[in-house]
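Here is the structure we will look at, set down as structure tokens.
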Amino acid sequence: MNTEKPQGPLTGMRVIEFAGIGPAPFAGMMLADMGAEVVLIERSADHAAASHYPRMAQNRGKKSIALDLKSEAGREAAWKLLESADALIEGFRPGVMERLGFGPEEVAKRAPRLVFGRVTGWGQTGPLAQAAGHDINYVALTGVMATSMRPGQVPVLPPTIVGDMAGGAMFLLFGIMCAMHEAKQSGKGQVVDAAMIDGVTAMSGLIHQMRSGMGYWQDEPAHNHFLNTSPFYEVFECADGKHITIGAIEPQFYALLLQKLGLTDVDPKRQYKTSDWPALKARVADIVRGKTQSQWCAELEGSDVCFAPVLSLADAPNHAHNVGRNLFIDLPVDGTTHRQPAPAPRFSRTPARQPVPGTKIGQDTDAVLESVGYAAVEIATLRETKACA
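Here the sequence shown is numbered in our numbering, starting from 129 and rising by one per residue.
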């Protein structure tokens with residue numbers, strides 16, 4: 129069982145998470161990182177991945193209780209947990225919680241102050257609500273994937289953090305915090321319907337502003353201003369096959385970039401003359417290919433040309449800035465140390481707690497049940513009837 133001293137800005141908050149995959153467990157992990165007591169309701173104590181590293185990592189800091197939700201006694205135990213909690217997290221397809229007997233209407237009756245957090249790809253309503261899907265599909269439908277398309281190429285496949293984590297988990301967390309704040313005043317919980325398509329669409333607001341209000345964005349990739357074709361906002365290949373990024377959008381940064389690259393014959397005042405871009409971009413690419421990534425880091429890193437190397441997941445934890453920010457932590461699981469991102473954001477008075485691996489399935493069953501009033505003999509009976517494990 130996780131018995132470390134409570135720490136973090138969410139200390140005192142209890143969240144019940146119904147075990148699943150994708151953004152829901154990530155959201156639960158972030159709450160646990162910040163000090164919330166996250167109780168994970170799992171369905172079996174002998175799951176093949178009970179102590180598998182990915183599970184232990186995404187459930188870091190959580191407590192695990194194994195309940196048979198098909199049994200009356202198991203469901204009643206779950207209800208007692210919900211009645212003791214501030215929020216619920218679930219990431220099932222719409223209708224699953226209702227079929228389990230824990231839908232919003234039932235929860236509102238037995239736990240009226242509980243915030244009911246739901247995260248799905250398509251949302252609880254709409255023509256596609258019951259359709260299967262993954263991150264790639266949700267991002268595609270929002271129009272955001274098309275913004276990555278360059279002339280003559282197909283749209284770029286986004287990493288799953290765009291829909292699942294940013295559009296899904298982050299907006300779920302934001303919604304839960306908003307609903308909990310409101311519940312303090314009204315005394316009533318409510319449902320938070322966090323759909324990945326909603327979150328991704330909300331994050332694309334600036335692009336829509338550039339398209340409809342400023343004229344800087346068009347659906348035809350060849351006309352998408354600097355984001356797809358400029359020589360000063362791009363990824364360039366180095367002599368060693370590695371890459372660097374340059375994002376010198378502002379005039380003063382662009383002028384410095386020209387100076388650093390030795391392009392003294394280029395007039396910085398013509399930065400947005402798009403007819404100049406193809407030839408100038410080719411020149412910049414040739415110059416960058418003349419040196420290795422580490423050489424460019426030595427020359428440009430820390431300057432105002434808006435520069436950063438493209439690092440692999442293996443190299444990123446070793447970069448001096450990331451080390452200085454303590455951006456990664458080592459998580460010990462079954463005798464092996466695994467590198468993981470550290471909790472974020474940072475707090476000046478109430479820092480996040482030091483992450484610990486998630487416990488094995490059912491490891492905290494007794495302690496969690498005791499916290500909601502079950503006596504040892506009652507827990508033993510639940511275990512004998514396989515209502516818990």
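Note that beta-carbon positions come from the ideal geometry of N, C-alpha and C, so glycine has one too.
Give the DSSP bridge partners of residue i, in chain order.
i: Y361; result: G375
i: V320; result: G245
i: K191; result: V167
i: P525; result: With the chain covering 129 to 517 only, the question about residue 525 has no answer from this structure.
i: I80; result: Nothing can be reported for residue 80, as the shown portion of the chain is limited to 129 through 517.
Can you tell me where the alpha helix (DSSP H) with residue i in it begins and where it stops?
i: G245; result: Not the alpha helix (DSSP H): G245 falls in the beta strand (DSSP E), residues V243 to T248.
i: L210; result: E200 to E211
i: A517; result: Element bounds for A517: n/a, residue is neither H nor E.
i: K312; result: F299 to S314
i: F154; result: P151 to D161
i: A268; result: D263 to L269
i: K237; result: P232 to R238
i: G486; result: Counting along the chain, G486 falls outside any alpha helix (DSSP H), and DSSP gives it neither H nor E.
i: R227; result: V224 to L228
i: G452; result: A448 to G452
i: K401; result: Segment: none, K401 is in no alpha helix (DSSP H) and carries neither H nor E.
Please check the pair residue i and residue j, which I expect to be a contact at CB under 8 Å, by giving their CB distance rounded to whole angstroms.
i: G163; j: G136; result: 2 Å
i: I149; j: L216; result: So it is not a contact: roughly 17 Å between Cβ atoms.
i: V167; j: G245; result: In fact, because the Cβ distance is near 14 Å, the residues do not count as touching under 8 Å.
i: A152; j: V243; result: Contact doesn't hold; Cβ gap of about 14 Å is too wide.
i: Y361; j: I377; result: 6 Å
Between the Cα of residue i and those of the options, spot the shortest distance and give me the residue it belongs to.
i: D492; options: H336, I169, L386 and L269; result: I169
i: V267; options: P396, V328 and C516; result: V328
i: A472; options: M225, M298, G490 and R142; result: M298
i: Q252; options: V235, D326, A236 and A213; result: D326
i: P232; options: M158, G317, N187 and A367; result: G317
i: V272; options: S212, A213, P279 and L334; result: L334
i: A262; options: P255, E429, G254 and T248; result: The sequence as given places His at residue 262; Ala does not occur at that position. Among P255, E429, G254 and T248, the Cα nearest to that of H262 is on T248.
i: N265; options: M305, W250 and R474; result: W250
i: P469; options: A480, I457 and A259; result: I457
i: D296; options: M324, D196 and S422; result: The sequence shown places Gly at residue 296, not Asp. With distances taken between Cα atoms, G296 lies closest to M324.
i: Q387; options: I415, S403 and P406; result: I415
i: G486; options: R142, T139 and R183; result: R183
i: E365; options: F381, Q423, E348 and G341; result: Q423
i: D292; options: D196, S314, S403 and A322; result: A322
Taking residue i as part of the beta strand (DSSP E), name the residues at either end of that continuous run.
i: R467; result: T464 to P469
i: D458; result: F456 to V461
i: V394; result: First-last for V394: undefined, no H or E at that position.
i: E145; result: R142 to F146
To the nearest angstrom, report how far apart residue i and residue j are at their CA atoms.
i: S440; j: Y502; result: 49 Å
i: G463; j: I289; result: 29 Å
i: P286; j: L301; result: 22 Å
i: H466; j: D432; result: 35 Å
i: A176; j: F154; result: Caution is warranted here: a pLDDT of 47 is assigned to A176, below 50, making its placement in the model unreliable, and the coordinate value is therefore given only provisionally. A176 and F154: Cα-Cα distance of roughly 20 Å.
i: R398; j: L455; result: 39 Å
i: E427; j: A257; result: 51 Å
i: V282; j: K409; result: 21 Å
i: F146; j: F230; result: 11 Å
i: A515; j: K198; result: 8 Å
i: E165; j: A213; result: 9 Å
i: P437; j: K419; result: 13 Å
i: A311; j: P460; result: 38 Å
i: Y400; j: G369; result: 29 Å
i: G202; j: L510; result: 8 Å
i: D161; j: Q186; result: 11 Å
i: C425; j: H449; result: 12 Å
i: K488; j: A194; result: 10 Å
i: P445; j: M305; result: 31 Å
Strictly under 8 Å for the Cβ-Cβ distance: is residue i near chain C by that measure?
i: A472; result: Here there is only one protein chain, and chain C is not present.
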